[in-house]
Amino acid sequence: MEEEIIMVPEDSFNASVEKFVWSRPMVLSLIEEYKKVEHEFKDSNIKKKHIWRKIAQRLVEKGYPNVTEDMCDKKWRNLKKTFKEIYVGQRGSPLRTRWGFYNAVEEIFSKDPNIVSAASVSVSTKPFLTTKKIPGPDGQEMRVEVMEVVGNLDEEYLEDGEAVIADNTEEQVYGNFDTSNQQPPVWFTEFIQQYHQDEERRIEMLNKMHADIVALEEKKCALLATLIEKLGGPCNEEENKCESTQFETLDQDETAGLMENYQ
Numbered sequence: 001m002e003e004e005i006i007m008v009p010e011d012s013f014n015a016s017v018e019k020f021v022w023s024r025p026m027v028l029s030l031i032e033e034y035k036k037v038e039h040e041f042k043d044s045n046i047k048k049k050h051i052w053r054k055i056a057q058r059l060v061e062k063g064y065p066n067v068t069e070d071m072c073d074k075k076w077r078n079l080k081k082t083f084k085e086i087y088v089g090q091r092g093s094p095l096r097t098r099w100g101f102y103n104a105v106e107e108i109f110s111k112d113p114n115i116v117s118a119a120s121v122s123v124s125t126k127p128f129l130t131t132k133k134i135p136g137p138d139g140q141e142m143r144v145e146v147m148e149v150v151g152n153l154d155e156e157y158l159e160d161g162e163a164v165i166a167d168n169t170e171e172q173v174y175g176n177f178d179t180s181n182q183q184p185p186v187w188f189t190e191f192i193q194q195y196h197q198d199e200e201r202r203i204e205m206l207n208k209m210h211a212d213i214v215a216l217e218e219k220k221c222a223l224l225a226t227l228i229e230k231l232g233g234p235c236n237e238e239e240n241k242c243e244s245t246q247f248e249t250l251d252q253d254e255t256a257g258l259m260e261n262y263q
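By full-length UniProt numbering, the letter at position 244 of the sequence shown is numbered 244, and the numbering carries on one by one without gaps.
Rendered as structure tokens:
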């Protein structure tokens with residue numbers, strides 16, 4: 001794997017040194033040393049500058065000279081900023097990042113209240129409508145409009161001169177994103193359930209209207225037969241009798257048409 005080089009400008013250097021180069025092993029050492037004293041950052045009685053000075057001294061002991069507490073502090077802030085952009089921007093997305101330090105700092109930064117709260121607010125999402133086919137109560141497919149939310153991801157992040165590229169290729173960089181066990185969102189499941197309930201009530205209402213119409217037609221036939229008989233005309237009951245086959249249960253298309261006529 002090609003070694004990643006990160007350039008960090010450092011104003012505190014003397015005039016002969018304008019830049020400081022953070023190599024990948026050096027950054028990993030910084031992360032390792034931070035984890036060892038992470039609990040000290042939570043102690044309000046200890047000044048953070050003293051903790052960073054301790055970390056800088058340990059890096060010097062490991063063979064990385066000219067490291068100061070200010071450089072370590074600034075580098076750590078940059079790592080946190082890059083992680084936050086990726087963690088918030090790609091949350092809930094199958095896209096993966098090529099940033100090589102994500103796994104190393106995830107355990108630390110994923111518990112940070114500022115990052116967690118930012119991830120809970122969908123500041124980088126936008127809704128749009130799509131048409132999907134879902135099974136209807138009669139077994140036939142029907143089309144519905146569904147509002148989906150998709151992350152508005154940047155194609156590239158930049159952390160101290162190091163490009164961090166979001167990638168949707170099959171290359172596995174860190175972790176696996178398993179989409180086989182993904183479930184539809186709760187709001188979509190509730191929408192489908194409510195739709196089916198409304199559809200059942202609508203069909204029940206149409207069937208009741210159909211039954212009322214059949215009963216009304218049968219009553220009209222009986223009254224017509226009685227009227228003909230009273231007028232003294234021949235009354236052929238077989239001819240005037242309403243046959244039930246004329247009022248068989250309508251299918252859904254006929255029922256829908258009937259509903260339109262009554263609106």
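Glycine is no exception: its CB is placed at the ideal position from the N, C-alpha and C atoms.
Please classify valine 88: is it buried, with 16 or more other beta-carbons within 10 angstroms of its beta-carbon, or exposed? Label assigned to valine 88: buried.
Could you give the C-beta distance for isoleucine 51 and glutamate 40, rounded to a whole number, given that I count them as a contact under 8 Å? Confirmed, about 5 Å.
Could you tell me how far apart the beta carbons of isoleucine 55 and leucine 30 are, in whole angstroms, since I believe they sit closer than 8 Å? With 8 Å as the limit, isoleucine 55 and leucine 30 qualify as a contact, their Cβ atoms being about 7 Å apart.
If we ignore side chains and look at the alpha-carbon of each, how far apart do proline 184 and leucine 28 end up? Rounded to the nearest angstrom, the two C-alpha atoms are 38 Å apart.
Can you grab the Cα-Cα spacing for the pair aspartate 73 / phenylalanine 188, in whole Å? Here the alpha carbons of phenylalanine 188 and aspartate 73 stand approximately 45 Å from one another.
Give the DSSP-derived three-state secondary structure of tryptophan 22 in the structure shown. Strand at tryptophan 22.
Among Gly63, Val105 and Lys36, which one has its Cα closest to the Cα of lysine 75? Of the candidates Gly63, Val105 and Lys36, the one whose C-alpha sits nearest the C-alpha of lysine 75 is Val105.
Please identify the residue among Tyr64, Asp43 and His210 whose C-alpha is closest to the C-alpha of serine 23. Nearest option by C-alpha distance: Tyr64.
According to the neighbour-count rule (16 or more other Cβ atoms, all chains shown, within 10 Å of its Cβ), is methionine 71 buried or exposed? Using a 10 angstroms sphere on the CB of methionine 71, the tally of other CB atoms reaches 16 or more, which defines it as buried.
Do residue 303 and valine 67 have their CB atoms nearer than 8 Å? Because the chain spans 1 through 263 in this model, residue 303 falls outside it and cannot be assessed.
Would you call the CB atoms of isoleucine 86 and tyrosine 102 closer than 8 Å? A contact, by the Cβ cut-off of 8 Å.
Going by Cα to Cα distance, which pick from Glu69, Gln57, Lys42 and Arg53 is closest to aspartate 112? Ranking Glu69, Gln57, Lys42 and Arg53 by CA distance to the CA of aspartate 112 puts Lys42 first.
Go to glutamine 193, then tell me how far its alpha helix (DSSP H) extends in each direction, as first and last residue. Residue range 186 to 230 is occupied by the alpha helix (DSSP H) that includes glutamine 193.
Specify the secondary structure class of isoleucine 86 as computed by DSSP and reduced to three states. Three-state result, isoleucine 86: helix.
Determine the DSSP secondary structure at lysine 35, reduced to helix, strand or coil. Note: lysine 35 maps to helix in three-state DSSP.
By Cβ distance, which residues of its chain are closer than 6 Å to methionine 205, with the 5 residues on each side in sequence left out? Here the set comprises nothing.
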